[in-house]
Amino acid sequence: MTTLSTSIPESRQQNWLQGAAWVLALIAAVIGVYGLYLRFTLGHAAANYGSYVPWGLWIAAYIALIGASAGAFAFAAVVFTLRKTSFYRLARLAMLLAFGAFAAGMMNVWLDLGHPFRFWKLLLQTSWTSIMGWMSWFYVVYGLILVIGLFITRNGVIPKFMERFSWISFLFAIAFAGAEGALFGVVGARALWESGLTPILFLVEAGLFGSGLVAVGALIFGCLNEKSARTMGTVMLIFLGLLLLLEWAEYTTALYASVPSKANAILTILTGPYWWVFWFIHLGLGVVLPALMLLFGRGNAWLTGLAGGLIAAMGLASKLNLVLPALAQEELDGLAHAFTGPGLTFTYFPSLMEWLVWIGSLGIGGLIVLVGFWIFNIATPTRSGVESL
Amino acid sequence: MPNAIVQKENLLLRMQEDIRRALEKPENERRWGMVIDTRKCVGCHACTISCVAENKLPPGVVYRPVLDQEIGTYPNVTRRFMPRPCLQCENPPCVPVCPVNATYTRPDGIVAIDYEQCIGCRYCITACPYSARTFDAGYTYTEDTPEQEVYELLPNYEYGVEHPRQPGTEESPIGNARKCHFCLHRLEQGQLPMCVTTCIGVANYFGDLNDPDSLVAEMAAQPNAIVLKEELGTKPKVFYLV
């Protein structure tokens, strides 16, 4: 029995894709530098989130990226646990993509802090009653696991203990992604968030965005053959189905019950000023189009990779539709007009600075992946450490 | 002297005396609370403005807006004014979510913020069911004018600590979540919160809810006293007479 992975020689197409990825990532990172300049010279006054909508694009991007990261990491953990040696190289790439998405997500949330240079208090003065406090430590552990995992597999050999104990990493990824959802699910003040389904939704989205990220990454780095494309396609279709099921359950029950605090938030998603984000971007580009591509292009690497890219990219729309409509509801009747001033509004659209920083975070995440691809020798054929015993 | 003025002064003096009595007790035996008589509120916003002046609140930060609520549909419409300070909940949802213990309940029941500890994550703002917290993004009133006015840079004395304002930096309280604290710095000097002092109709009653002889305890026990969103179990210490 061979334990060597299916090695796809990098074609000119893959080289072209990687070149394009370098160019895009560099442009995005340069744009981000200007965003960072604005962030540190103008501060939060240049942002459009405020007091009544205190979280915006950066928090939505953060949870989308962290979710995709957790999903990609879980994929790698499953591959190692099940000893699917033909996917080992893909799994290493998944770990690298997880790290890049994680870094980009962390950048978004770090810059969102009112006092970014007090972040150390999260670790040294943690409040254990806060899920955000727990998450801070989860991030440290998670980041370490990823870096150590990438480092010890850099020679293309998966150590035996890693195969044996990856199930622990898988459970950690589940806890990690679920806790991210619980961060919202426990907020009783926001009816849209406060639901037992919220952490489950985050888990499903993590699986979906993570597998999408791995699929598009695999296309760019030449790790996608017919077999892996078929497998990734099936995984994404299953998660797409689960996502639709959860959204249907959540929206229809809330709309039928018509309790204003929740029903109004859902109506904001479906029919509010940004209705097109749900119908066109989330449902059209993030669900229906990739589902069709996957159904009609079974085993096609290009279609699978592009569908994965769409799914991963449109993940932001899902998270924007979770974060913003919940906050854009008056908690007390008359609040919107009681006192006016910057940030005392229930409408929100990201400012230029917010867009630039977000683009920059994607650029930096992309550069981490592109550089990491060489540092951690992801191109090297990967085999099980058992073989060398 | 007209009767109405005598009565107003008597109420304020009585509340002042209630505070003096409460301050003689250990801190953990006090329970500061407020009762707002919506029937007396005329919606003049004097409380809002005096709060802004007292705490030197920048644009975008408000501790005590007055909600102007329309009830009914034309032509059968009435208006109701509802001032909304921080409700100083006994079970405050904002406290457990803070990841760094920057927001906490004091022994006297006031929910406070340690400005130097707050990291500005704004999780507490999302967790408050009354939108009683606002974010200080660092705005100034005169930033688009030829000259920054000196008053913008004057320090405030919230929580009894001097907080100079330094626009252009992220020095606290810029970058922090902020909220009403019943004018703690005044309270500890035996003075009523600014909103209570300036209310033209004496629609606010303030004092120690643990003192059965206090005016505020008397008013909070009225059968027409309600709290907002009682179903959430937050147990606010701000009551409304309706």
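Protein sequences, first through last, are from chains A and B. Under full-length UniProt numbering, the letters of the first sequence match residues 1 to 389, in that order. Under full-length UniProt numbering, the letters of the second sequence match residues 1 to 242, in that order. Cβ atoms here follow ideal geometry from the backbone N, Cα and C, with glycine treated the same way.
Here B/P59 has Y139, T140 and Y141 as same chain residues with Cβ atoms under 8 angstroms from its own Cβ, once five neighbours each way along the sequence are excluded.
Burial state of B/D213 is exposed, judged by a 10 Å Cβ sphere holding fewer than 16 other Cβ atoms.
When the beta-carbon positions are compared, B/C47 and B/R64 come within less than 7 angstroms of each other.
Rounded to whole angstroms, the gap between the alpha carbons of A/A60 and A/V323 is 6 angstroms.
For A/R39, no Cβ of chain B is located within less than 7 angstroms of the residue's own Cβ. The beta carbon of B/Y104 sits closer than 7 angstroms to the beta carbons of V95 and A112 from its chain, once the five residues preceding and following it are set aside; these are given in chain order. Taking B/G160 as the centre and dropping the five residues before and after it, the same chain places the C-beta of L184, H185 and E188 closer than 8 angstroms to its C-beta, in chain order. For A/F102, the uninterrupted alpha helix (DSSP H) segment begins and ends at Y88 to D112. For A/E163, the uninterrupted alpha helix (DSSP H) segment begins and ends at K160 to G185.
When only Cα atoms are considered, A/E163 and A/Y88 end up about 10 angstroms apart. Put simply, the backbone Cα of A/I281 is about 14 angstroms away from that of A/G272. With fewer than 16 other Cβ atoms inside 10 Å of its own Cβ, A/S258 counts as exposed. If the five residues before and after B/Q16 are omitted, its C-beta is found closer than 6 angstroms to no C-beta atom of its own chain. Judged by beta-carbon spacing, A/G181 lies within the 7 angstroms limit of A/T198, meaning their Cβ atoms are closer than that value. Around the beta-carbon of B/N204, 16 or more other beta-carbon atoms lie within 10 Å, marking it buried. A Cβ of chain A is located within less than 7 angstroms of the beta carbon of B/L67.
At a cut-off of 7 angstroms between beta-carbon atoms, B/G120 makes contact with chain A. Not a single CB atom of chain A sits nearer than 7 angstroms to the CB of B/S50. Using a CB distance cut-off of 7 angstroms, A/L122 counts as an interface residue toward chain B. The residues G363, in chain order, have a CB closer than 8 angstroms to that of A/I27 in the same chain once the five nearest residues on each side in sequence are set aside.
B/N156 does not reach chain A, its nearest Cβ partner there being about 17 angstroms away, counting only Cβ pairs nearer than 9 angstroms. Residues are counted here when their Cβ sits less than 9 angstroms from a Cβ of chain B; for the segment 103-119 of chain A these are V109, D112, L113, G114, H115, P116, F117, R118 and F119, given in chain order.
In this structure, B/V97 sits away from A/S136, with a CB-CB distance that is not shorter than 7 angstroms. For A/Y251, the secondary structure class from DSSP, reduced to helix, strand or coil, is helix. Taking a contact as a CB-CB distance under 8 angstroms, the pair B/K237 and B/G33 counts as one, their CB atoms being some 4 angstroms apart. Distance from the CA atom of B/E70 to the CA atom of B/G201, rounded to whole angstroms, is 21 angstroms. At least one C-beta of chain A is nearer than 7 angstroms to the C-beta of B/G175. At least 7 angstroms separates the CB of B/C124 from every CB of chain A. When DSSP states are grouped into helix, strand and coil, B/E70 belongs to the strand group. By the 16-neighbour rule on beta-carbons within 10 angstroms, B/R79 is exposed. With fewer than three CB-CB distances shorter than 8 angstroms, the segment 283-297 of chain A does not count as touching the segment 189-196 of chain A.
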